[in-house]
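Participant: I am attaching a structure below and will ask some questions about it afterwards.
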Amino acid sequence: MVSLEERYEHLEKTIRGYNISADFAQIRAAYEYARDHHGDQLRRDGTPYITHPLQVAQIVAEMRLDSESIIAALLHDCIEDTDSTYDDIAKRFSSTVADIVDGVTKLTRVQYSTMEEEQMENLRKMLFAMSKDIRVILIKIADRLHNMRTMEYQTPEKQKKKAFETMEIYAPIAHRLGMQKVKWELEDLSLKYLDPVAYKEIVDKLAAESQEHAQFMSDVQAQITQRLGEMGIGNATVYGRVKHPYSIYRKMYAQDKTMDEVYDLFAFRVLVDTVADCYNVLGVIHDLYKPILGRFKDYIATPKPNMYQSLHTTVIGDQGIPFEVQIRTYDMHAIAEYGVAAHWKYKQGIKGEGGEKTYEWIRRLLENQEDADAEDFIHSLKIDMFSDEVFVFTPRGDVINLPAESTPIDFAYSIHSAIGNSMVGAKVNGRMVGFDYQLHNGDIVEINTSKSAHGPSRDWVKIARSSEARSKIRQWFKKERREENIAQGRASFESELKHAGMTMAQITAPDVLPAVMKRIPFKTLDEMYAAIGYGGYTALKAVNRIRDEIIHINRTAGQEKAAEAAKAQPPAKEQQEAAKGLPKKVKSEKGIVVEGLSNCLVKFSKCCTPVPGDEIVGFITRGYGVSVHRKDCPNADPARRSEADQGRWIKVSWGEDVNASYDTSLEVVCKDRPKLLMDISTVLSTSKVNVSGLNVQSTADGFAIFHVTISVTGYQQLDQVMRKLGQISSVMKVTRPAG
Ligand code: MN
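Oh and the sequence shown: position 205 is 204 in our numbering, straight run, nothing missing.
Below, the structure written as structure tokens:
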């Protein structure tokens with residue numbers, strides 16, 4: 000067991016290794032401050048909480064960041080989890096440190112509740128946009144890395160959730176920042192929880208063959224080293240490694256290969272002093288081994304966007320085993336391992352001049368880099384890529400991307416123009432705000448709407464930032480004038496109708512309306528009203544024509560009725576029972592008993608596809624009977640029901656005479672691989688369910704989302720199918736979509 004003090008001393012030693020003039024007094028003060036504030040809080044594994052910030056600081060030190068970063072890393076959970084405050088940290092340490100801690104806290108509070116691919120890029124951008132200082136995101140990545148390393152103590156649900164977030168959000172961010180080593184570790188740790196079976200298979204196999212691998216690598220290493228010596232290429236470092244498990248996993252599944260078949264399991268690195276030496280080494284390698292055509296890549300001449308530079312080639316060794324060789328300078332290597340973080344340390348070491356051209360990528364992120372000294376450089380190292388955008392959440396957790404300085408009006412119209420037009424209030428993070436409130440990254444925005452809303456006001460066009468909102472508001476005003484016309488026209492039509500002794504019900508009856516419409520020169524009643532409203536047609540003319548038509552219809556109908564009455568049918572059975580006063584049996588429709596109503600039309604909502612066994616609730620639609628939802632369907636959420644519709648929600652239950660089967664939908668999220676569809680179809684057919692729909696959507700980064708529609712007898716069978724699907728290798732999540 001390593002004591003806290005020993006851990007702390009190890010941290011100091013690591014820092015001393017790259018920054019002898021670090022502020023050790025303040026670093027120790029930060030350690031003690033965090034230790035005292037976290038007090039006797041414990042982590043899930045039973046260790047004192049302070050071990051976590053200490054380890055995060057250790058990772059940050061391994062990235063070779065500055066004193067402020069180490070101090071902020073030690074304090075990173077203080078605002079969130081203890082009684083410490085921003086002001087207290089600013090006073091005892093510095094406002095910069097407090098800003099960084101505050102930034103990390105804000106990222107920690109971001110809730111991810113979506114799995115949709117198009118949302119992931121928005122989430123990643125949001126994290127960038129929220130980290131005003133790049134050190135915030137570096138510390139957040141270190142925090143996530145340590146949490147993933149200690150994930151075994153969490154519940155399985157949390158493990159999967161965090162692993163998914165890490166794979167989808169944090170690993171790509173680490174990649175974007177050029178932090179190869181951190182990215183690999185995040186990916187491997189995520190894979191361990193996302194696909195434990197495959198992970199174990201790979202790790203076990205690597206372990207079983209580690210001796211052979213080591214032998215192979217040391218042979219190749221010796222061959223290359225010897226040849227470089229003969230060629231007079233000095234100060235070269237050569238070493239080999241086995242590729243990391245997630246990289247092997249990806250290749251196995253993408254190419255449907257066993258581990259033995261995976262191309263280049265091994266990667267070798269040759270580090271040298273100069274770019275010229277890199278190309279010399281390449282010549283030596285291609286002379287020693289047979290290069291595979293089309294596998295050479297020159298990232299020195301054309302660096303990757305994340306500023307990675309290296310020469311890559313794949314060759315075939317003596318025993319016919321292919322392997323990759325990466326050749327780069329020591330400086331390029333530091334960038335490859337730690338990306339942005341390495342660049343920083345590099346800047347600290349070299350004051351003022353030299354080497355800057357290498358970092359065009361970072362340069363683009365900077366606001367004013369000219370003549371900046373190291374200190375200023377760090378402070379200007381802000382991520383301003385997304386400064387013209389703001390990212391906010393809907394109450395359901397979807398990220399909405401709006402122009403900077405957007406307001407609740409922009410948000411409402413970006414959801415739907417009907418939301419904007421009926422908006423009566425807005426809440427941000429649970430508090431009421433004005434319509435001109437400026438949204439911040441990470442805000443959760445909720446719009447209150449009302450059927451009786453007056454619609455947008457003219458001022459809104461000025462308040463809104465997005466062209467989308469502005470044009471929708473303008474559209475409303477244009478259309479609204481038509482509606483004013485309609486309302487006015489309808490009023491004068493109705494009054495004229497009354498004058499003639501008729502009612503609206505008379506002319507809108509389904510068997511009358513079509514005939515009436517033939518007599519007037521308009522396709523719909525609204526068109527007629529609008530015309531009357533603006534004076535293009537008169538109410539009197541309309542009523543006269545309609546009256547003539549109705550008199551005609553009534554005459555014909557009267558003759559028919561007389562004929563029917565002559566035939567005199569006996570009353571139907573139900574009417575007889577009702578007449579005798581017998582109690583009505585509770586009848587169900589499609590297996591659904593609707594409280595207080597019988598013989599009503601029932602349909603199952605498409606959004607949540609309930610099956611017998613689900614808790615359900617009904618909604619009386621306008622004209623299509625009762626729509627049945629699952630109780631947990633967001634569309635049935637009492638908090639989201641509009642006031643006007645409150646009375647339409649009714650109790651429903653499953654009757655005894657349920658149908659033989661019910662259609663329901665499932666969503667299956669998987670890491671894509673060959674034969675996945677076959678495995679899924681096999682499970683469905685062996686489960687004896689009818690499949691009426693199956694479609695798959697592949698995402699750019701290798702995931703597949705299946706939407707399956709099946710018929711099941713009820714919840715029990717559905718649950719079995721879901722379990723079986725969940726057991727398929729590379730399936731990550733099986734859910735019933737709702738809402
Ligand atoms: Mn933490």
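All residues carry an ideal CB built from backbone N, CA and C; glycine is no exception. Note that the structure is predicted; figures quoted are calculated from it, not measured.
1. Just to confirm, is the Cβ distance from residue 396 to residue 110 under 8 Å?
2. Quick one, are the C-beta atoms of residue 284 and residue 309 less than 8 Å apart?
3. Residue 66 to residue 276, Cα distance in whole Å?
4. When we look at the beta-carbon of residue 699 and count the other beta-carbons within 10 Å, is it buried (16 or more) or exposed?
5. Just tell me which of 641, 651, 451 has its CA closest to the CA of residue 629.
6. Opposite residue 238 in the DSSP bridges: which residues?
7. Could you tell me which residues DSSP pairs with residue 615 in its beta bridges?
8. Going by the C-beta, is residue 55 closer than 7 Å to any heavy atom of the ligand MN?
9. So for residue 766, helix, strand or coil by DSSP?
10. Contact defined as beta carbons within less than 8 Å: I believe residue 720 pairs with residue 668. What is the distance between those atoms, to the nearest angstrom?
11. When you get a sec, list the residues whose CB is within less than 5 Å of any heavy atom of the ligand MN, chain order please.
12. Tell me, to the nearest whole angstrom, how far the beta carbon of residue 708 is from that of residue 662; I am working on the premise that it is less than 8 Å.
13. Taking 8 Å as the threshold (C-beta atoms), are residue 710 and residue 660 in contact?
14. Just list the residues that DSSP pairs residue 648 with in beta bridges.
15. Using the beta-carbon count (16 or more within 10 Å), is residue 243 buried or exposed?
16. Where does residue 734 sit, in a helix, a strand or coil, going by DSSP?
17. Nearest by alpha-carbon distance to residue 167: which of 120, 142, 133 is it?
18. To which residues of the same chain is residue 173 closer than 7 Å at the C-beta, ignoring the five residues directly before and after it?
19. What does the alpha-carbon distance come out to for the pair residue 156 and residue 666?
20. If you count every other CB in all the chains shown that lies within 10 Å of the CB of residue 19, and 16 or more means buried, which is it?
21. Assuming residue 472 and residue 463 make a contact with CB atoms under 8 Å, what is their CB distance in whole Å?
22. Specify, as a first and last residue, the run of the alpha helix (DSSP H) that residue 418 falls within.
23. Taking Cβ positions, are residue 238 and residue 267 nearer each other than 8 Å?
24. Would you check if the distance between the CB atom of residue 438 and the CB atom of residue 470 is smaller than 8 Å?
25. Tell me the DSSP secondary structure of residue 528 in three-state form.
26. Tell me the start and end of each unbroken alpha helix (DSSP H) in the region 439-492 that is at least 4 residues and wholly inside, in chain order.
27. Rank 152, 675, 603 by C-alpha distance to the C-alpha of residue 620 and give the top, closest one.
28. Is it a yes or a no for the region 49-60 touching the region 89-97, going by three-plus beta-carbon pairs under 8 Å?
29. For a test of the three-state rule: what should DSSP assign to residue 93, helix, strand or coil?
30. Ignore the nearest five residues each way along the sequence and tell me which others in residue 436's own chain have a CB closer than 8 Å to its CB.
31. Give me the residue from 158, 101, 148, 146 with the minimum Cα distance to residue 132.
32. Just to confirm my understanding: we take residue 411, look at its own chain, exclude 5 residues before and 5 after, and list those with CB closer than 7 Å. What are they?
33. Hey, would you say residue 713 sits closer than 8 Å to residue 607, going by beta carbons?
34. Determine the closest residue to residue 755 out of 43, 126, 35, with distance taken between C-alpha atoms.
35. How many Å lie between residue 337 and residue 392 at the Cα?
36. Can you pull the DSSP bridge partners for residue 31?
Facilitator: According to the structure data:
1. Mapped onto the sequence shown, residue 396 falls at position 397. Mapped onto the sequence shown, residue 110 falls at position 111. By the CB criterion at 8 Å, residue 396 and residue 110 fall inside the cutoff.
2. Looking up residue 284 in the sequence shown gives position 285. Looking up residue 309 in the sequence shown gives position 310. No, the pair does not count as a contact, with Cβ atoms beyond the cut-off.
3. For the purposes of this step, residue 66 is identified with residue 67 of the sequence shown, where counting begins at 1. For the purposes of this step, residue 276 is identified with residue 277 of the sequence shown, where counting begins at 1. If I take the Cα positions, the gap works out to 35 Å.
4. Here the question's residue 699 lines up with position 700 in the sequence shown. Answer is exposed; the Cβ neighbour count stays below 16.
5. In the sequence shown, the residue the question calls residue 629 occupies position 630. Selected option, being the one with the closest Cα: 651.
6. Working through the sequence shown from its first residue, we reach residue 238 at position 239. Partner(s): 268.
7. Position 616 of the sequence shown holds residue 615. According to DSSP, which records beta bridges pairwise, residue 615 is partnered with 629.
8. Looking up residue 55 in the sequence shown gives position 56. Yes, the beta carbon of residue 55 sits closer than 7 Å to at least one heavy atom of the ligand MN.
9. Because the chain spans 0 through 738 in this model, residue 766 falls outside it and cannot be assessed.
10. Locating residue 720 in the sequence shown gives position 721, counting from the first residue. Locating residue 668 in the sequence shown gives position 669, counting from the first residue. At roughly 16 Å, the Cβ-Cβ gap does not stay under 8 Å, so residue 720 and residue 668 are not in contact.
11. Those residues are 76, 142, given in chain order.
12. In the sequence shown, residue 708 corresponds to position 709, counting from 1. In the sequence shown, residue 662 corresponds to position 663, counting from 1. 6 Å between Cβ atoms; contact.
13. Working through the sequence shown from its first residue, we reach residue 660 at position 661. Working through the sequence shown from its first residue, we reach residue 710 at position 711. Residue 660 places its beta carbon less than 8 Å from that of residue 710.
14. Here the question's residue 648 lines up with position 649 in the sequence shown. The partner list for residue 648 (beta bridge, DSSP) reads 618.
15. For the purposes of this step, residue 243 is identified with residue 244 of the sequence shown, where counting begins at 1. So residue 243 ends up on the buried side.
16. Here residue 734 refers to the residue found at position 735 of the sequence shown. In the three-state scheme derived from DSSP, where H, G and I count as helix and E and B as strand, residue 734 is classed as strand.
17. The residue given as residue 167 occupies position 168 in the sequence shown. Of the listed residues, the one whose Cα sits closest to residue 167 is 120.
18. If you number the sequence shown from 1, residue 173 lands on position 174. Contacts found: 140, 181, 182, 185.
19. Position 157 of the sequence shown, counting from 1, holds the residue named residue 156. Position 667 of the sequence shown, counting from 1, holds the residue named residue 666. For residue 156 and residue 666, the distance between alpha carbons rounds to 18 Å.
20. Counting from 1 along the sequence shown, the entry for residue 19 is found at position 20. Residue 19 should be labelled exposed.
21. Translated into positions along the sequence shown, residue 472 becomes position 473. Translated into positions along the sequence shown, residue 463 becomes position 464. Between residue 463 and residue 472 the Cβ distance is about 7 Å, and since that is below 8 Å, they are a contact.
22. Taking the sequence shown and counting its residues from 1, one reaches residue 418 at position 419. Its alpha helix (DSSP H) spans residues 416-420.
23. Taking the first residue of the sequence shown as 1, we reach residue 238 at position 239. Taking the first residue of the sequence shown as 1, we reach residue 267 at position 268. Their beta carbons are under 8 Å apart, which means residue 238 touches residue 267 by this criterion.
24. Numbered from 1 along the sequence shown, position 439 holds the residue referred to as residue 438. Numbered from 1 along the sequence shown, position 471 holds the residue referred to as residue 470. No, the Cβ-Cβ distance between residue 438 and residue 470 is not below 8 Å.
25. The residue labelled residue 528 in the question sits at position 529 within the sequence shown. In the three-state reduction of the DSSP assignment, residue 528 falls in the helix class, which pools H, G and I.
26. Restricting attention to alpha helix (DSSP H) runs no shorter than 4 residues, the region 439-492 encloses them at 459-462, ordered along the chain.
27. By 1-based counting over the sequence shown, the position of residue 620 is 621. Closest option to residue 620, Cα to Cα, is 603.
28. no
29. As a first step, residue 93 is located in the sequence shown; it is residue number 94 there, counting from the start. In the three-state reduction of the DSSP assignment, residue 93 falls in the coil class.
30. For the purposes of this step, residue 436 is taken as the residue at position 437 of the sequence shown. Once the five neighbours on either side are set aside, the close Cβ partners of residue 436 are 406, 407, 425, 427.
31. Working through the sequence shown from its first residue, we reach residue 132 at position 133. Comparing Cα-Cα distances from residue 132 to each of 158, 101, 148, 146, the minimum goes to 101.
32. Taking the first residue of the sequence shown as 1, we reach residue 411 at position 412. Only 418, 419, 422, 446 meet the Cβ criterion.
33. Position 714 of the sequence shown, counting from 1, holds the residue named residue 713. Position 608 of the sequence shown, counting from 1, holds the residue named residue 607. No, Cβ-Cβ distance for residue 713 and residue 607 is not below 8 Å.
34. The structure shown does not extend to residue 755, since the chain spans only 0 to 738, so no value can be given for it.
35. Here residue 337 corresponds to residue number 338 of the sequence shown, with the count starting at 1. Here residue 392 corresponds to residue number 393 of the sequence shown, with the count starting at 1. Taking the straight line from one Cα to the other gives about 31 Å.
36. Numbered from 1 along the sequence shown, position 32 holds the residue referred to as residue 31. Paired residue(s): none; residue 31 is not in a bridge.
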